[in-house]
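Read through the structure below, which is laid out as structure tokens, and then see the notes.
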Amino acid sequence: MMNYIASILVGAWSLVKGLRVTIGNMCRRAVTVQYPRQKLEMEERYRGLVDLRREDCIMCLQCAKTCPTGCLSITVKTGEDKKRVLETFTYNMEYCCFCGFCEQVCPKSAIRMSKIYEVTAYDRNRLKIDLLKEGKYDEWANPPTE
Amino acid sequence: MATLLDLIIMLVVGGIILGFIAGSAMFVIWLERKVSAHIQSRLGPMRVGWHGWLQSVADAIKLLLKEDIRPKGVDTWVWWAAPFFATVPSVMAFICIPFGKPFEIRGLQIPVIAPDGLRIPMIVSDLNVGILYILSVTSVCVLGIFMAGWGSNNKYSLLGGFRSGAQIVSYEVPLVLSVITVVMYVGSLSMQTIVEAQGDWYGLKWFVLRPNLALAFIVYLIAATAETNRTPFDIPEAESELVAGFHTEYSGMKFAMFFVAEYTNVFIVSAVAATLFLGGWQGPPIFQFILGYDLPFMPVFWFLLKVYFVIFLLMWFRWTFPRVRVDQLTGFAWKVLTPVSFANLAFTGWWLLR
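Order-wise, the sequence lines are chains A and B.
Here my numbering is used: position 64 in the first sequence is 305, and no number is missing along the way.
Here my numbering is used: position 299 in the second sequence is 405, and no number is missing along the way.
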């Protein structure tokens, strides 16, 4: 009989403890944001879409070799003054797993992960990004609101 | 002439009640969404109007425009009538809810309606069996749920209906027993008399402040949570087990009627709790001190404040406690709540006769 009453009292006290937790949460500030209107700033080490600084690239092709999904394809041509020149540097974002190996392996830190996290598109062809193009991520960072 | 006048008064009062129910249900739905969101550290509806206060209106318009889908093999009449059986009793229960202190306007003399001053009772009809009427009418709601479960031709709906029946039969007992303790104190079933018995002494005569009636209040609150099918006792519509329980097969306006009935029931059980235990429309007479007379709408304000406080309590429970199993649910009602309320009843009887 005493055990029965004690179990009821313990149960009731545990309910009160639960209620205290939820009312504490209610008085706290909300942690979510109004997403399309408000956007969070990503952390310093966030791994978003891959970005390239063309002038630093020495065309060692390490990034393309180390990429586990093979989403980087680079072609190099030899110019008239016997210098190697980047011809294409295509990033097929569809396959990218955002592992960051390309960033780690690059000797000149030319290729790096940006903070862009909105990676959806209506057209599949848009997912093939030419990293040599100027302003390639202008649309991506602020996608047009439909 | 008098019959026509009665008819007009009836229509006006009915309109006011229906308008109040619709507005109140929408407000409570919005409040529920906001409270749940803030308990989970979210923001909840924010787009439609200031902090999303028009969200319920938008939802109501959406439900009005939706197709009314009739599944194959439904028991036509039972399926069709179920939302009405769920909604109408909860609307009927509003007749006996005292919203405020009755007041008279002495100077106003209208020839036929009020030859010597207009008296506004602030309750549709102060029946001398008020609380009994509310309890008996609201227990008809389960019939609607049961009809919905039976008529839908869906095993999940049927299970939800069965569970609802078992639950409401179990929890009606402690609910009524805890109400009886209050009635024993007052000696009347009329709602206005119960409120007036808690007057004076600046709120110290509220029944919730007496130890045995405080216990009755706790029992009432638990049983009322079960009566309105809310978490932790929401097994008739347990989402993880029964899809949506008894209203799985309903869409559009029929679903909206179940929704309105649910939130109207929440308002009614909170209003009964406020009337029986929290002093009804009694409140600190602030304007008595400032102006020398109390304003007629202040009792309404105190009443609604208490009702929404109890509604908030129910929401707080909903977003804190996990759902109980069916056997735990009925076991709790019969093994804990019923003995406790019987013991409380016996103690109250001894106390009053001592």
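Glycine residues also receive a C-beta, built at the ideal position from the N, C-alpha and C atoms.
The beta strand (DSSP E) spanning residue i covers which residue range?
| i | result |
| --- | --- |
| Tyr332 (chain A) | Arg325 to Asn333 |
| Leu293 (chain A) | Val291 to Leu293 |
| Glu210 (chain B) | Phe209 to Ile211 |
| Val317 (chain A) | Leu313 to Thr319 |
| Ile370 (chain A) | Lys369 to Asp371 |
How about residue i and residue j: are their beta carbons less than 7 Å apart?
| i | j | result |
| --- | --- | --- |
| Thr444 (chain B) | Pro280 (chain B) | yes |
| Val375 (chain B) | Phe205 (chain B) | no |
| Phe352 (chain B) | Gly257 (chain B) | no |
| Thr361 (chain A) | Tyr336 (chain A) | no |
| Gly305 (chain B) | Gln394 (chain B) | no |
| Asp265 (chain B) | Phe191 (chain B) | The question names Asp, yet the displayed sequence has Leu at residue 265 (chain B). No, the pair does not count as a contact, with Cβ atoms beyond the cut-off. |
| Val282 (chain B) | Phe313 (chain B) | no |
| Phe468 (chain B) | Ser130 (chain B) | There is simply no residue 468 (chain B) to check, as chain B begins at 107 and stops at 460 in what is shown. |
| Cys343 (chain A) | Ile352 (chain A) | yes |
| Asn260 (chain B) | Asn450 (chain B) | no |
| Ser263 (chain B) | Glu347 (chain B) | no |
| Pro342 (chain B) | Ser270 (chain B) | yes |
| Ile439 (chain B) | Ser276 (chain B) | Correcting the residue type first, residue 439 (chain B) is Ala in the shown sequence and not Ile. A contact, by the Cβ cut-off of 7 Å. |
| Met421 (chain B) | Glu138 (chain B) | yes |
| Ile201 (chain B) | Asn266 (chain A) | no |
| Lys207 (chain B) | Ser357 (chain B) | no |
| Ser447 (chain B) | Ser242 (chain B) | no |
| Ser314 (chain A) | Thr331 (chain A) | yes |
| Lys360 (chain B) | Pro189 (chain B) | yes |
| Asn333 (chain A) | Cys312 (chain A) | yes |
| Asp232 (chain B) | Gln298 (chain B) | yes |
| Ser196 (chain B) | Ala271 (chain A) | no |
| Leu368 (chain A) | Leu293 (chain A) | no |
| Met290 (chain B) | Val184 (chain B) | no |
| Val301 (chain B) | Thr381 (chain B) | yes |
| Pro402 (chain B) | Phe209 (chain B) | yes |
| Val119 (chain B) | Val194 (chain B) | no |
| Arg424 (chain B) | Arg336 (chain B) | yes |
| Ala453 (chain B) | Phe383 (chain B) | Checking the sequence, you will find Phe at residue 453 (chain B) rather than Ala. In this structure, Phe383 (chain B) does not lie closer than 7 Å to Phe453 (chain B) by Cβ. |
| Thr273 (chain A) | Thr426 (chain B) | no |
| Ile240 (chain B) | Ala199 (chain B) | yes |
| Ile203 (chain B) | Ala377 (chain B) | yes |
| Arg278 (chain A) | Gly341 (chain A) | no |
| Ile237 (chain B) | Leu224 (chain B) | no |
| Gln273 (chain B) | Ala187 (chain B) | no |
Specify, as a first and last residue, the run of the alpha helix (DSSP H) that residue i falls within.
| i | result |
| --- | --- |
| Met354 (chain A) | Here Met354 (chain A) belongs to no alpha helix (DSSP H); instead the beta strand (DSSP E) covers Ile352 to Met354. |
| Lys306 (chain A) | Gln303 to Thr307 |
| Trp183 (chain B) | Thr182 to Met198 |
| Cys268 (chain A) | Met243 to Cys268 |
| Asp165 (chain B) | Gln161 to Leu171 |
| Met461 (chain B) | The first residue shown for chain B is 107 and the last is 460, placing residue 461 (chain B) beyond what the model contains. |
| Cys202 (chain B) | Where Cys202 (chain B) is concerned, there is no enclosing alpha helix (DSSP H), given that its DSSP letter is neither H nor E. |
| Cys343 (chain A) | Phe342 to Val346 |
key: Any 3 or more C-beta pairs closer than 8 Å across the segment 412–421 of chain B and the segment 133–145 of chain B   = yes
key: the segment 314–332 of chain B touching the segment 162–170 of chain B, judged by at least three CB pairs closer than 8 Å   = No, they do not touch.
ask   = If you pair each beta-carbon of the segment 354–373 of chain B with each one of the segment 290–304 of chain B, do three or more pairs fall below 8 Å?
value = Taking one beta carbon from each stretch, the segment 354–373 of chain B and the segment 290–304 of chain B have fewer than 3 pairs nearer than 8 Å; the two do not touch.
query = What residues from the segment 441–459 of chain B come within 8 Å of chain A, judged by C-beta to C-beta, listed N to C?
reply = Val442
request  = Let me know the alpha helix (DSSP H) ranges lying completely inside the segment 227–263 of chain B, each 4 residues or longer, listed in chain order.
outcome  = With a minimum length of 4 residues, the continuous alpha helix (DSSP H) runs that stay inside the segment 227–263 of chain B are 236–244 and 247–257.
request  = Report the residues of the segment 141–155 of chain B with a CB closer than 9 Å to any CB of chain A, ordered along the chain.
outcome  = Of all residues in the segment 141–155 of chain B, the ones placed with a Cβ closer than 9 Å to any Cβ belonging to chain A are Val141, Ala143, His144, Ile145, Gln146, Ser147, Arg148, Leu149, Gly150, Met152 and Arg153, in chain order.
key: Contact residues within the segment 408–437 of chain B, judged by C-beta distance below 8 Å to chain A   = Cβ proximity to chain A below 8 Å picks out Trp422, Phe423, Trp425, Thr426 and Phe427 from the segment 408–437 of chain B.
query = For the segment 264–275 of chain A, which residues have a beta carbon sitting closer than 9 Å to at least one beta carbon of chain B?
reply = Ile264, Asn266, Met267, Cys268, Arg269, Arg270, Ala271, Val272, Thr273, Val274 and Gln275
request  = Evaluate the contact criterion for the segment 177–184 of chain B versus the segment 136–152 of chain B: three or more CB pairs, one atom per stretch, below 8 Å.
outcome  = no
ask   = Does the segment 344–361 of chain A come within contact of the segment 288–304 of chain A, defined as at least 3 CB pairs closer than 8 Å?
value = Contact annotation: the segment 344–361 of chain A touches the segment 288–304 of chain A, with at least three C-beta pairs closer than 8 Å.
ask   = Where are the alpha helix (DSSP H) runs, 4 residues long or more, that stay fully inside the segment 400–445 of chain B, in chain order?
value = 404–424 and 432–438
query = Can we say the segment 313–330 of chain A touches the segment 249–264 of chain A, given the rule of at least three CB pairs closer than 8 Å?
reply = no
query = Which parts of the segment 339–399 of chain B are runs of the alpha helix (DSSP H), unbroken and 4 residues or longer, counting only runs that do not cross its ends?
reply = 345–348, 358–382 and 392–396
inquiry  = Can you pull out the residues from the segment 299–332 of chain A whose beta carbon lies closer than 8 Å to at least one beta carbon of chain B?
reply    = none
task = Using a Cβ-Cβ cut-off of less than 8 Å, list which residues of the segment 243–267 of chain A approach chain B; keep chain order.
result = Ile249, Leu256, Gly259, Leu260, Val262, Thr263, Ile264, Asn266 and Met267
task = Enumerate, from N- to C-terminal direction, the unbroken alpha helix (DSSP H) stretches of 4 or more residues contained entirely within the segment 258–293 of chain B.
result = Here the runs fully enclosed are 261–292.
request  = Enumerate, from N- to C-terminal direction, the unbroken alpha helix (DSSP H) stretches of 4 or more residues contained entirely within the segment 291–329 of chain B.
outcome  = 297–302
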